[in-house]
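Trainee: Those protein sequence lines, which keep their order, are chains A and B.
Quick note on numbering: the working numbering labels position 190 of the first sequence as 773, and the sequence is numbered without any gaps.
Quick note on numbering: the working numbering labels position 68 of the second sequence as 75, and the sequence is numbered without any gaps.
My structure is below; once you've seen it, I'll send some questions.
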Amino acid sequence: MGAAVAFEGVVALLDRFPALAGADLSVQAGEMVCLRGPNGAGKSTLLRACAGLVPVRGERAEVLGFDLKAQRRSVRPHVGLLGHRSPLYGDLRVDDQLRHCADVHRAGVPEVSAAIERFALGGRLGEVAIRRLSEGQQRRVALACLTIARPRLWLLDEPHAGLDTVSRDALDELLADAVEAGATVMFATHETDRSRVAAARQVMLAGGRVEPTAPVSQTNGPTDVA
Amino acid sequence: MWREIWLVCRKDMIIEWRARVTLVQIVPTVLLVLVVFAFALDANPSLLGAGAGGLFWVAVLFGAVLGAKRSFDIEAEGGNLDALRLGGLVPAAILWGKAAALALQLVLVGVFAAAGLLVLYSVTVHDWLLIVVAGLCGMAAFAICGTLYGAMTVGLRSADTLLPLLLIPVAAPVLLAGTRAFDVALGTSADQGWSWTALLAVVLVTYVAVGWAAAGPLLEDA
Chain A
584 MGAAVAFEGV VALLDRFPAL AGADLSVQAG EMVCLRGPNG AGKSTLLRAC AGLVPVRGER
644 AEVLGFDLKA QRRSVRPHVG LLGHRSPLYG DLRVDDQLRH CADVHRAGVP EVSAAIERFA
704 LGGRLGEVAI RRLSEGQQRR VALACLTIAR PRLWLLDEPH AGLDTVSRDA LDELLADAVE
764 AGATVMFATH ETDRSRVAAA RQVMLAGGRV EPTAPVSQTN GPTDVA
Chain B
8 MWREIWLVCR KDMIIEWRAR VTLVQIVPTV LLVLVVFAFA LDANPSLLGA GAGGLFWVAV
68 LFGAVLGAKR SFDIEAEGGN LDALRLGGLV PAAILWGKAA ALALQLVLVG VFAAAGLLVL
128 YSVTVHDWLL IVVAGLCGMA AFAICGTLYG AMTVGLRSAD TLLPLLLIPV AAPVLLAGTR
188 AFDVALGTSA DQGWSWTALL AVVLVTYVAV GWAAAGPLLE DA
């Protein structure tokens, strides 16, 4: 399979600050990658850059075959991004939100039903306003929306945050299923145990650059600086 | 494109239906503005009647500022604007969908404000058609203008103060032409009401043109 992400010397400026300062990264299609590093290392910016939401420069910046320097907008429909905060409308009910996601991503009833079942969002929970849900429940709705979108590249920033143990395991299972279905997954986390269980490859970031990587099985002990 | 505009507009209208912010917060504020003006003018019927057209548009403009702010607050929350962009929605569809929803909400505000004028200021309408046409043109213009500036200030820390500061001066032509048209429709002026309505339509078309040109730059990296 080809490269899902091919970055060479990628620079991304946020208010003139180089959040990515010459990042080199290659992620193969169907691969699962865990981004790690201290706060401010550029993990979130890297994920947003891959989603085509941040202007980038550099020698090469391709995601799913799209050149981000020239056609940043084109990659967006193929990418799913879940940031620190869940992108949900607090005043909508859970079922309204899922229907909206399905309409935007042209998904059908089967996809919505599968997501509702997978994240246990059916029954009376569907009629509750998102603002009234706990943080973990909101995260589940956001993950359900991501599932409905069926992206080719999953980008998740601290996806386990706010979830209980059962939901965390369900998330790991979801990501594994996505990879098995041919999608590529990149997620940033500070949680060492999760990065070990789920990720096939760890990528360390520091100062807006990607540091040399090693397979998870070869790493010993927690390496997170945060 | 039309499908995407409809998606955004429908989503905003469902949010309004669930939260009822326009009905419960903006409409009462607009009515309160009319009441406060009545107090300020010492409940003088002739003064209130003479200024009714202008007071209507000032009150609705306040409503437009609140509505535009709310319209983009819900997008800034949790990164919803990014989610719309990742859904492949083009900036123009997001802008026009939100403008359409805001226009519908302002029509609701306008209906209550007009009822407020009739009850509080005891005005008599001489030309209902002129009121309706001028009102719709004005609401649409406010909605487009509000959406443009809402998009411009979304996510900014100073958005609360910046939005009215930017919006009110640019909405002045609507305020002026709308007031003149309403004065004629309410029988307090013998001016050419339809000429002022035509000017409102020209302003509206200008805002539409600016909206088409500005949607991309405003919402691409907002």
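For each residue, glycine too, the CB sits at the ideal point set by N, CA and C.
Everything numeric in this text was worked out from a predicted model, so none of it was measured.
Using DSSP with H/G/I as helix, E/B as strand and the rest coil, what is valine 799(A)?
Mentor: As a first step, residue 799(A) must be located in the first sequence, where it is residue number 216. Only weak support exists for where valine 799(A) lies, its pLDDT of 49 falling under 50; the value from the coordinates is given anyway. Assigned with DSSP and collapsed to three states, valine 799(A) falls in helix.
Trainee: Would you kindly report the start and end of the unbroken beta strand (DSSP E) that includes leucine 615(A)?
Mentor: Taking the first residue of the first sequence as 1, we reach residue 615(A) at position 32. Note on identity: in this sequence residue 615(A) is methionine, with leucine being the wrong assignment. 615-619 is the span of the beta strand (DSSP E), which, as asked, contains methionine 615(A).
Trainee: State the beta-bridge partners of arginine 676(A) as determined by DSSP.
Mentor: The sequence position of residue 676(A) within the first sequence is 93, counting from 1. Its beta-bridge partners are Ala712(A).
Trainee: Identify every residue that forms a DSSP beta bridge with tryptophan 737(A).
Mentor: Walking along the first sequence from the start, residue 737(A) turns up at place 154. BP columns for tryptophan 737(A) point to Gly663(A) and Val768(A).
Trainee: Per the DSSP calculation, alanine 810(A) is bridged to which residue(s)?
Mentor: In this structure chain A extends from 584 to 809, so residue 810(A) is not present and cannot be described.
Trainee: Closer than 9 Å by beta-carbon distance: list the chain B residues that pair up with proline 601(A), in chain order.
Mentor: Here residue 601(A) corresponds to residue number 18 of the first sequence, with the count starting at 1. Those within 9 Å of proline 601(A) in chain B number zero; the least Cβ separation is about 17 Å.
Trainee: Is it buried or exposed for aspartate 747(A), if we count other Cβ within 10 angstroms and need 16 for buried?
Mentor: Start at 1 with the first residue of the first sequence, and residue 747(A) comes out as number 164. It is exposed - the Cβ of aspartate 747(A) has fewer than 16 other Cβ atoms within 10 Å.
Trainee: Buried or exposed: which applies to glutamine 721(A), given that a residue is buried once 16 or more other Cβ atoms fall within 10 Å of its Cβ?
Mentor: Taking the first sequence and counting its residues from 1, one reaches residue 721(A) at position 138. Glutamine 721(A) is buried by the Cβ-count criterion.
Trainee: If you follow the beta strand (DSSP E) that alanine 789(A) is in, where does it begin and where does it stop?
Mentor: Translated into the one-based positions of the first sequence, residue 789(A) becomes position 206. Element bounds for alanine 789(A): 784-789.
Trainee: Taking DSSP as the reference, what is the three-state secondary structure of valine 808(A)?
Mentor: Against the first sequence, residue 808(A) aligns to sequence position 225. In this prediction, valine 808(A) has a pLDDT of 35, which is less than 50 and means its spatial position is unreliable; what the coordinates show is noted afterwards. Here valine 808(A) sits in coil by DSSP.
Trainee: Excluding the 5 residues flanking alanine 809(A) on each side, which residues of the same chain have their C-beta closer than 6 Å to its C-beta?
Mentor: Here the question's residue 809(A) lines up with position 226 in the first sequence. Below a pLDDT of 50, predicted positions are generally treated as unreliable, and alanine 809(A), at 32, falls in that range; the measurement from the model is reported next regardless. Closer than 6 Å at the Cβ level, and outside the excluded window around alanine 809(A), lie Pro621, Asn622 and His773.
Trainee: Helix, strand or coil for alanine 595(A), going by three-state DSSP, please let me know.
Mentor: On the first sequence, residue 595(A) is found 12 positions in, with the first residue counted as 1. Three-state result, alanine 595(A): strand.
Trainee: Go through its chain and collect everything with a Cβ distance to glycine 804(A)'s Cβ below 6 Å, but skip five positions before and after it.
Mentor: On the first sequence, position 221 is the one that residue 804(A) refers to. Residue confidence is low: glycine 804(A) scores 41 on pLDDT, short of 50, so the model does not pin down where it sits. No coordinate-derived value is stated.
Trainee: Any idea if glutamine 801(A) is buried or exposed, counting beta-carbon neighbours within 10 angstroms, 16 or more meaning buried?
Mentor: If you number the first sequence from 1, residue 801(A) lands on position 218. Here the model assigns glutamine 801(A) a pLDDT of 45, short of 50, so the residue's position is not dependable, and the following value carries that caveat. Glutamine 801(A) comes out exposed.
Trainee: In angstroms, rounded to a whole number, what distance separates the CA positions of lysine 105(B) and proline 795(A)?
Mentor: Indexing the second sequence from 1 puts residue 105(B) at position 98. Indexing the first sequence from 1 puts residue 795(A) at position 212. In a straight line, the C-alpha of lysine 105(B) is about 46 Å away from that of proline 795(A).
Trainee: Following a CB-centred definition, is methionine 20(B) positioned closer than 7 Å to any heavy atom of the ligand FAD?
Mentor: The model on display carries no ligand, and the ligand FAD is accordingly not part of it.
Trainee: What did DSSP end up calling arginine 704(A) once you bin it into helix, strand or coil?
Mentor: Mapped onto the first sequence, residue 704(A) falls at position 121. Reading off the sequence shown, one finds leucine at residue 704(A), where the question assumed arginine. Under the three-state reduction of DSSP, leucine 704(A) is assigned to coil, being neither helix nor strand.
Trainee: Is serine 669(A) buried or exposed, if buried means 16 or more other CB atoms sit within 10 Å of its CB?
Mentor: For the purposes of this step, residue 669(A) is taken as residue 86 along the first sequence, with counting starting at 1. Buried is the call here.
Trainee: If the cut is a Cβ gap below 9 Å, which residues of chain B does serine 669(A) touch?
Mentor: Translated into positions along the first sequence, residue 669(A) becomes position 86. In chain order: Gly85 and Gly86.
Trainee: Any C-beta of chain A sitting closer than 8 Å to the C-beta of isoleucine 101(B)?
Mentor: Here residue 101(B) refers to the residue found at position 94 when the second sequence is read from its first residue. Not one chain A Cβ lies under 8 Å of isoleucine 101(B).
Trainee: Output yes if chain B places a C-beta closer than 8 Å to the C-beta of glycine 691(A); else output no.
Mentor: Numbered from 1 along the first sequence, position 108 holds the residue referred to as residue 691(A). It does not: the Cβ of glycine 691(A) has no partner Cβ on chain B nearer than 8 Å.
Trainee: Any C-beta of chain B within less than 9 Å: which residues of the stretch 743-777 of chain A qualify?
Mentor: none
Trainee: For valine 793(A), which of helix, strand or coil comes out of DSSP?
Mentor: Position 210 of the first sequence, counted from the first residue, corresponds to residue 793(A). Strand, per DSSP.
Trainee: Report the option in Phe649(A), Ala624(A) and Ala771(A) whose CA atom is closest to the CA atom of glutamate 658(A).
Mentor: For this step, residue 658(A) is matched to residue 75 along the first sequence. It should be pointed out that residue 658(A) corresponds to valine in this sequence rather than to glutamate. If we check each option's Cα against that of valine 658(A), Phe649(A) comes out closest.
Trainee: Between which two residues does the beta strand (DSSP E) carrying alanine 643(A) extend?
Mentor: Locating residue 643(A) in the first sequence gives position 60, where the first residue counts as 1. According to the sequence shown, residue 643(A) is arginine rather than alanine. Looking at the DSSP string, the run of the beta strand (DSSP E) that includes arginine 643(A) is 643-646.
Trainee: Assuming alanine 45(B) and leucine 38(B) are in contact, meaning their beta carbons sit under 8 Å apart, how far apart are those beta carbons, in whole angstroms?
Mentor: Start at 1 with the first residue of the second sequence, and residue 45(B) comes out as number 38. Start at 1 with the first residue of the second sequence, and residue 38(B) comes out as number 31. The pair is not a contact, with the Cβ atoms about 11 Å apart (cut-off 8 Å).
Trainee: Name the chain A residues that come within less than 9 Å of lysine 18(B), Cβ to Cβ?
Mentor: Position 11 of the second sequence holds residue 18(B). Going along chain A in sequence order, the residues near lysine 18(B) (Cβ under 9 Å) are Tyr672, Leu675, Asp679, His683, Asp686 and Val687.
Trainee: To the nearest angstrom, how far is the alpha carbon of aspartate 49(B) from that of leucine 127(B)?
Mentor: Here residue 49(B) is taken as the residue at index 42 of the second sequence, counted from 1. Here residue 127(B) is taken as the residue at index 120 of the second sequence, counted from 1. Straight-line Cα distance between these residues: approximately 12 Å.
Trainee: Which bits of chain B does proline 735(A) rub up against, with CB to CB less than 7 Å?
Mentor: Within the first sequence, the letter at position 152 stands for residue 735(A). The residue you asked about is not proline; residue 735(A) is arginine in the sequence shown. By Cβ distance, chain B contributes nothing, its closest Cβ being about 12 Å from arginine 735(A), past 7 Å.
Trainee: I think valine 724(A) touches valine 692(A), with their Cβ atoms under 8 Å apart; what is that distance to the nearest whole Å?
Mentor: Counted from its first residue, the first sequence places residue 724(A) at position 141. Counted from its first residue, the first sequence places residue 692(A) at position 109. 18 Å between Cβ atoms; not a contact.
Trainee: Leaving aside the five residues before and after glutamate 642(A) along the sequence, list all residues of the same chain whose C-beta is less than 6 Å from its C-beta, in chain order.
Mentor: Locating residue 642(A) in the first sequence gives position 59, where the first residue counts as 1. So the list reads Glu591 and Gly592, once near-sequence residues are dropped.
Trainee: Please state whether DSSP places arginine 640(A) in a helix, a strand or coil.
Mentor: As a first step, residue 640(A) must be located in the first sequence, where it is residue number 57. Here arginine 640(A) sits in strand by DSSP.
Trainee: Along the chain, where does the alpha helix (DSSP H) containing lysine 810(A) start, and where does it finish?
Mentor: Here chain A has residues from 584 to 809 only, and residue 810(A) is not among them.
Trainee: Is arginine 25(B) close to chain A, meaning its C-beta is less than 8 Å from at least one C-beta of that chain?
Mentor: Mapped onto the second sequence, residue 25(B) falls at position 18. Chain A, which has a Cβ nearer than 8 Å to the Cβ of arginine 25(B), makes this yes.
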